[in-house]
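Colleague: Just so we're aligned, residue 15 is where the sequence shown starts under our numbering, counting upward by one.
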Amino acid sequence: MREILYIQAGSQANYIGTHFWNTQGSYFACEEGDTGTTAAEVQGREVSQEVSFREGLDQTGESTYCPRLLIFDYKAEFGSLSQANALYGMDSHADEKIPWSAPISRSGETVEHLQEPVRRSQYQIDMEELDVEDREVSSTAQLEDIFFWSDFNRLYYLPRTVQKIPDKSEWEDVEGNWAVGHETFARYDEDTGLMEGPLRLFLEECETFQGIQLTLDTPKFGSFATSLLTSLRDEGTKAPVLALPLLSNIVMPFNHVETRLSTRKVVNDALVLRDLSELASVSIPIQPPTAWPDDLCTNAYMHASRAHVYHTSAILSTHIETATLPLRMNAATDDIYSLAAQLGEGTMLPFSELRGVFPCADALGLDSRIYNFSCTIPRTLQPTHFRRDVTRGFSPSAIAYYNEWARSSGSGADSSHLRSTHAGAYPLPSSFPAFFFSSPTADVLTRPRSATVFSALGGASRGTSALLGAYARFVGGCARRGVPTPLELGLERDDVTELAADLWALYDRASELGAEDGGDTDTESHGEDEE
């Protein structure tokens, strides 16, 4: 079955994950013997649901399919999502009124304060009352109605999927605090039995487990997630890991980082990248939307809000779901282990880059329109040792053009260094933002039933070298200046110095790759870093 265990940690990761799972759920629209031709029905025939879903029984004994998934986030970020649901125990609204600490009044009586219940989004209400697939939801109505990632969720989850981390007090500073993340994981695991309970159960249910796909917010859940992977390794679990670290909103090259919080975020990102280079089979860094060019969200085909995570996460989820599609297909020969080996072929560097075009209205001029979500480099397809392309919804003529383009883009179409998958169009469930123009000349925003997409995973390129070099230079400067202080990071000054050295070592390997590919190596000094 080649099962995958999915782990999402942090609010942005869960926004992306909610879009991802809503798309997976749409594939179930295709039943055996169905002759429909919608995108979901076509993809339903191509995708193996057993890879991502586990079969079980609900409280009435009926067979159910739920995601093989662990969701981590602070309790307040779950919105109205409860561990109980219609499949596994009707929600008794026990979470609607959460008692705060109960102080004693002067009269000696306990004073109880109750938190107001979290409002449900109109979309969730419609899900209960209407067949939302037959109802058009306007872009403005949805955007204004989304406050939590659960507000547009369409699936039921197992109770053990929902892992609510206790909220931090307002005065506790957790962003970029490496020590706090480690402590939070250790305490949570001890209190809930996470590793021996929910996580172990998911692994034991698998017959031919292919690995873990981890999406994490680095600012608040970087050290939490790496602690989880370390614990897995310590227990002897050697499963391949495909990691998608969502980097903080501090954009490289970090020339204007002035506040202590910003500095701490950059160092925290660097720590995550260094640890994942040892713990994950392949890591695909994702740059924040603040680094994206304006025309990635606003162009002739769409008008998305770069300021709203509901929109940006939809774009990222589309590329992540498309690029990893070969891992979930019925006829697939790929798995996480082989994909990681291919992407690192000839380099032994455990980093990859995510690129793509969405929507990809035509295959013309792909080279100039492909955006690299992992590295802030110009829109050119950097040479790599290996590239895995996936197209969705391309017509036969577009595929023919793609094949011709691929032969001239650095890797021949028949080369062992390029593999291509051509699949049906990307389905857009009703939970997807309506940010598409109805026609090239119209101003009306709508949501079609499907979209064309080009996404690719490539091995490390000069972009990876530039990314690692920027972090190494910044961390080296921090080590010399003693900023941030050990108290702020939970690290000793020597640890920061060691981190800089480790990043320079990774940079050297990436630079050697760039030289082999015939590109500029962008050699940097390891000695005096820029102040």
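Here a beta-carbon is modelled for each residue, glycine too, at the ideal position from N, C-alpha and C.
Keep in mind it's a predicted model, so treat the numbers as computed, not measured.
Would DSSP call C389 helix, strand or coil?
Modeller: The sequence position of residue 389 within the sequence shown is 375, counting from 1. In the structure shown, C389 sits in coil (DSSP, three-state: anything other than H, G, I, E or B).
Colleague: W419 to R523, Cα distance in whole Å?
Modeller: For the purposes of this step, residue 419 is identified with residue 405 of the sequence shown, where counting begins at 1. For the purposes of this step, residue 523 is identified with residue 509 of the sequence shown, where counting begins at 1. One C-alpha to the other measures close to 29 Å.
Colleague: Using CA atoms only, rank isn't needed, just tell me which of F365, L363, L380 and P364 is closest to V371.
Modeller: For this step, residue 371 is matched to residue 357 along the sequence shown. It is L380.
Colleague: With 16 other CB atoms within 10 Å as the buried threshold, where does F161 fall?
Modeller: By one-based count along the sequence shown, residue 161 stands at place 147. By the 10 Å Cβ count, F161 comes out exposed.
Colleague: Is it the case that the Cβ atoms of Y29 and Q224 are separated by a distance below 8 Å?
Modeller: Start at 1 with the first residue of the sequence shown, and residue 29 comes out as number 15. Start at 1 with the first residue of the sequence shown, and residue 224 comes out as number 210. Against a cut-off of 8 Å, the Cβ pair of Q224 and Y29 comes out as no contact.
Colleague: Can you give the Cα-Cα distance for R134 and A328, rounded to whole angstroms?
Modeller: Numbered from its first residue, the sequence shown carries residue 134 at position 120. Numbered from its first residue, the sequence shown carries residue 328 at position 314. C-alpha separation (whole angstroms): 21 Å.
Colleague: Here's a check: name, in chain order, each residue in its chain whose Cβ is nearer than 6 Å to the Cβ of D231, leaving out the five neighbours to either side.
Modeller: Counted from its first residue, the sequence shown places residue 231 at position 217. Result list for D231: G24, Q26, A27 and L260, in chain order.
Colleague: Note the first and the last residue of the continuous alpha helix (DSSP H) segment covering V489.
Modeller: Sequence index remark: in the sequence shown, residue 489 carries index 475 (1-based). Run containing V489: R476 to R495, per the alpha helix (DSSP H) assignment.
Colleague: Start and end of the alpha helix (DSSP H) containing F372?
Modeller: Working through the sequence shown from its first residue, we reach residue 372 at position 358. It is not in any alpha helix (DSSP H) - F372 carries neither H nor E in the DSSP assignment.
Colleague: Assuming T466 and A439 form a contact by the criterion Cβ under 8 Å, report the distance between their Cβ atoms to the nearest whole angstrom.
Modeller: Residue numbering aside, residue 466 sits at position 452 when the sequence shown is read from its first letter. Residue numbering aside, residue 439 sits at position 425 when the sequence shown is read from its first letter. Indeed they touch by this definition, with Cβ atoms about 6 Å apart.
Colleague: Give the DSSP-derived three-state secondary structure of A519 in the structure shown.
Modeller: Translated into positions along the sequence shown, residue 519 becomes position 505. Correct three-state label for A519: helix.
Colleague: Would you check if the distance between the CB atom of P447 and the CB atom of Y324 is smaller than 8 Å?
Modeller: If you number the sequence shown from 1, residue 447 lands on position 433. If you number the sequence shown from 1, residue 324 lands on position 310. Yes, these two residues count as a Cβ contact at 8 Å.
Colleague: With H, G and I counted as helix, E and B as strand and the rest as coil, what does DSSP make of A23?
Modeller: Locating residue 23 in the sequence shown gives position 9, counting from the first residue. In the structure shown, A23 sits in a strand (DSSP, three-state: E or B).
Colleague: Tell me which residues share the same chain as D428 and place their Cβ nearer than 7 Å to its Cβ, disregarding the 5 neighbours each side in the sequence.
Modeller: Position 414 of the sequence shown, counted from the first residue, corresponds to residue 428. With a pLDDT of only 44 at D428, under 50, the local geometry of the prediction cannot be trusted, and the value read off the model is given with reservation. Cβ neighbours of D428 beyond the five flanking positions: none.
Colleague: Among the residues of its own chain, which have a CB less than 6 Å from the CB of S434, if the five just before and after it don't count?
Modeller: For the purposes of this step, residue 434 is taken as the residue at position 420 of the sequence shown. The residues are D403.
Colleague: Would the beta-carbon of T240 fall within 8 Å of that of L258?
Modeller: Residue numbering aside, residue 240 sits at position 226 when the sequence shown is read from its first letter. Residue numbering aside, residue 258 sits at position 244 when the sequence shown is read from its first letter. No; because the gap between Cβ atoms is not below 8 Å, this pair is not in contact.
Colleague: Measure how close the beta-carbons of K279 and S262 come, nearest whole angstrom, since I'm counting them as under 8 Å.
Modeller: In the sequence shown, counting from the first residue as 1, residue 279 sits at position 265. In the sequence shown, counting from the first residue as 1, residue 262 sits at position 248. So it is a contact: roughly 4 Å between Cβ atoms.
Colleague: What is the DSSP secondary structure of G407, counted as helix, strand or coil?
Modeller: Within the sequence shown, numbered from 1, the residue matching residue 407 stands at position 393. Coil, per DSSP.
Colleague: Quick one: measure Cβ to Cβ for Y521 and S464, integer angstroms, because I've assumed they're closer than 8 Å.
Modeller: Position 507 of the sequence shown, counted from the first residue, corresponds to residue 521. Position 450 of the sequence shown, counted from the first residue, corresponds to residue 464. Not really, about 41 Å apart at Cβ, beyond 8 Å.
Colleague: Go ahead and pull the three-state DSSP assignment for Y440.
Modeller: Sequence index remark: in the sequence shown, residue 440 carries index 426 (1-based). If DSSP states are grouped into helix, strand and coil, Y440 belongs with the strands.
Colleague: Between the Cα of E219 and the Cα atoms of P81, N386 and L503, which residue gives the shortest distance?
Modeller: Here the question's residue 219 lines up with position 205 in the sequence shown. Taking only the C-alpha atoms, the option nearest E219 is P81.
Colleague: Taking 8 Å as the threshold (C-beta atoms), are S66 and Y20 in contact?
Modeller: Along the sequence shown, read from residue 1 onward, the residue named residue 20 stands at position 6. Along the sequence shown, read from residue 1 onward, the residue named residue 66 stands at position 52. Contact flag set, yes.
Colleague: Please report how far the alpha carbon of T222 lies from the alpha carbon of S295, in whole angstroms.
Modeller: Counted from its first residue, the sequence shown places residue 222 at position 208. Counted from its first residue, the sequence shown places residue 295 at position 281. Approximately 18 Å, taken between the alpha carbons.
Colleague: Using the Cα positions of D376 and Q156, report the straight-line distance between them to the nearest angstrom.
Modeller: In the sequence shown, the residue the question calls residue 376 occupies position 362. In the sequence shown, the residue the question calls residue 156 occupies position 142. When rounded, the distance between both Cα atoms is 28 Å.
Colleague: Smallest Cα separation from L275: which of Q227, L503 and E359?
Modeller: Locating residue 275 in the sequence shown gives position 261, counting from the first residue. Closest option to L275, Cα to Cα, is L503.
Colleague: Is it the case that the stretch 509 to 516 contacts the stretch 489 to 497, given that we only count it when at least three CB pairs across the two stretches are under 8 Å?
Modeller: Contact between the stretch 489 to 497 and the stretch 509 to 516 is present, because at least three Cβ pairs lie under 8 Å.
Colleague: For the beta strand (DSSP E) containing Q87, name the first residue and the last one.
Modeller: Start at 1 with the first residue of the sequence shown, and residue 87 comes out as number 73. Position check: residue 87 holds Asp in this sequence, whereas Gln was assumed. L83 to Y88 is the extent of the beta strand (DSSP E) around D87.
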